[in-house]
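Going letter by letter, the sequence shown gives residues 1 to 55 in the UniProt record's numbering. Report on the structure given below.
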Amino acid sequence: MNQTWLKLLKFIAFLIFVYLVIYGQATVGRKYLLIQLVGVAGLVGLLWDYNRSFK
1 MNQTWLKLLK
11 FIAFLIFVYL
21 VIYGQATVGR
31 KYLLIQLVGV
41 AGLVGLLWDY
51 NRSFK
């Protein structure tokens with residue numbers, strides 16, 4: 001896959017995960033907590049992928 005497309009895909013995923021965290025934080029309930037946790041897990045996954053190249 002082309003590097004430009006991969007970076008664009010990661011940026012879009014980042015925006016989606018940030019949206020999930022903000023949306024889950026703005027409301028109350030277990031369902032929204034799960035949405036927020038999925039967002040945080042996605043951000044941690046993106047950070048892990050970024051840091052792999054610096055091993």
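No residue lacks a Cβ here, since even glycine has one placed at the ideal position from N, Cα and C.
- Tell me whether glycine 45 is buried or exposed, calling it buried when 16 or more other Cβ atoms sit within 10 Å of its Cβ. With fewer than 16 other Cβ atoms inside 10 Å of its own Cβ, glycine 45 counts as exposed.
- Apart from the five residues just before and just after lysine 10, which ones in its own chain have a Cβ nearer than 7 Å to its Cβ? If we look at lysine 10 and ignore the five residues flanking it on each side, its Cβ neighbours are Leu46.
- Query: Alpha carbon to alpha carbon, how far is glutamine 36 from alanine 26?
  - Reply: One C-alpha to the other measures close to 10 Å.
- Item | N- and C-terminal bounds of the alpha helix (DSSP H) containing threonine 27 | Premise fails: threonine 27 is in no alpha helix (DSSP H) and is neither H nor E.
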